[in-house]
Amino acid sequence: MFAKLNPATATGQDQLIWKILFDRQTALLHRRAAPAFTRGLARLGMRREVIPDIGELSATVFQETGWKLAPVGRPFEPAAFFELLAERRFPIVTRIRPMHAFDFSPQPDLFHDLFGHVPMLLDEGLADFLHMLGQAYRAQPVGSSAREQLWALYFFTAEFGLVQHEGQPRLYGAGLLSSAGEIHHCVNENTPRLVFDLATVLKTPVTGARYQDQYFVLPAWEQLTDCVAELAGLLAMA
């Protein structure tokens, strides 16, 4: 279990955990992160010395892409999560991982959400993609296979996605950006990194309890929003 955390009144231990994670991830992500993440991190002015204020970050994100951050005490089930996405609100878990989970956290935590997700929300393409996913999920019947497919699409893009940039796969998924262990596993030459194919992604099992068996690489950033339209067509024919 994570210790509950109010970022505005974080303890010295909380700040130390943030600082160590921030230093480790920024070093690992040098020349590995997608340009959208690097731009977003710089625009937000996140610093290693202090956990950011969620309200201030939310104001910046809203100004850039119309999204707001919603602090929550624990991770949501998919239905509640996608409902927030449909309203252009992104949940921020106000719990930070313990030191023994530095390399890999099986649940989203404060660092995963603030460091991994929020910089990407400043990218208009990614922000619109998440909004469209939320709306598409809301439109599907409860318990439908379509909802499972939308969860898989979210998982292998916004959480564990890569994109081709200048001939190299770059990380943009928050589960990769915020986890040293996941990065090392992903870049290992024995780990499959497949060209993104919507049909394959939709039928790939989702697991958050361990490192992924494979990752998917977008050939171009524009394909992120294109695949939502393609998925809508598939759902309409189902």
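Numbering-wise, the numbering used here puts 808 at position 133 of the sequence shown, and it's gapless, one number per residue.
We treat Cβ as the ideally placed atom computed from N, Cα and C, and that holds for glycine.
Going by the DSSP bridge assignment, what does residue i pair with across the sheet?
i: ILE729; result: None; ILE729 has no bridge partner.
i: TYR890; result: ARG868
i: ARG764; result: LYS743
i: LEU837; result: LEU846 and VAL892
i: ALA904; result: Beta-bridge pairing links ALA904 to no other residue.
i: ALA708; result: LEU846
i: ARG699; result: Bridge partners of ARG699: none, in fact.
i: ARG722; result: VAL725
Can you tell me whether residue i is buried or exposed? The criterion is at least 16 other CB atoms within 10 Å of its CB, across all chains shown.
i: HIS787; result: buried
i: THR832; result: buried
i: HIS775; result: exposed
i: ALA811; result: buried
i: VAL903; result: buried
i: SER819; result: exposed
i: GLY720; result: exposed
i: PRO783; result: buried
i: GLY836; result: buried
i: GLN824; result: buried
i: LEU909; result: exposed
Suppose contacts are defined by Cβ-Cβ distances below 8 Å. Is residue i in contact with residue j by that definition?
i: GLU834; j: ALA821; result: no
i: LEU712; j: LEU869; result: Residue 712 is actually Phe in this sequence, not Leu. Cβ distance not < 8 Å, so PHE712 and LEU869 don't count as in contact.
i: LEU797; j: LEU828; result: no
i: ALA709; j: HIS792; result: no
i: ARG813; j: PHE757; result: yes
i: ALA855; j: PHE777; result: yes
i: ALA907; j: PRO781; result: no
Leaving aside the five residues before and after residue i along the sequence, list all residues of the same chain whose C-beta is less than 7 Å from its C-beta, in chain order.
i: LEU860; result: First, the amino acid is wrong: residue 860 is His here, not Leu. Once the five neighbours on either side are set aside, the close Cβ partners of HIS860 are THR866 and TYR886.
i: THR686; result: none
i: ILE729; result: PRO682, LEU744, PRO746 and ILE767
Excluding sequence positions up to five away, which residues of its chain have a Cβ less than 8 Å from the Cβ of residue i?
i: LYS679; result: Residue placement at LYS679 cannot be trusted, given a pLDDT of 44 that sits under 50; what the coordinates show is reported in the next sentence. Closer than 8 Å at the Cβ level, and outside the excluded window around LYS679, lie GLY748, THR769 and ARG770.
i: THR900; result: GLY800, ASP803, PHE804 and MET807
i: GLY715; result: VAL793, PRO794, MET795, LEU796, LEU797 and ASP798
i: ARG707; result: ARG845, LEU846, ILE858 and VAL862
i: LEU759; result: ALA745, PHE751, PHE765, PRO766 and GLY809
i: ARG699; result: PHE777 and ALA855
i: GLN889; result: THR866, PRO867, ARG868, LEU869 and THR879
Near residue i, what residues of its chain come up, given a Cβ to Cβ distance below 6 Å and the 5 sequence neighbours on each side ignored?
i: ILE692; result: ILE771
i: MET676; result: Because MET676 sits at a pLDDT of 32, beneath the cut-off of 50, its placement in the model cannot be relied upon, and the following sentence gives the value as read from the coordinates. Nothing meets the Cβ criterion.
i: MET704; result: Sequence inspection shows Leu at residue 704; the Met mentioned does not correspond to that position. Within the same chain, LEU704 has no close Cβ partners at all.
i: ARG763; result: GLY741, TRP742 and HIS806
i: VAL838; result: ALA709, ARG845, TYR847, LEU893 and TRP896
For this session: Write down every uninterrupted run of the alpha helix (DSSP H) in the stretch 782-833 whose length is 4 residues or greater and which is fully enclosed by it, in chain order.
Result: 793-796, 799-814 and 820-829
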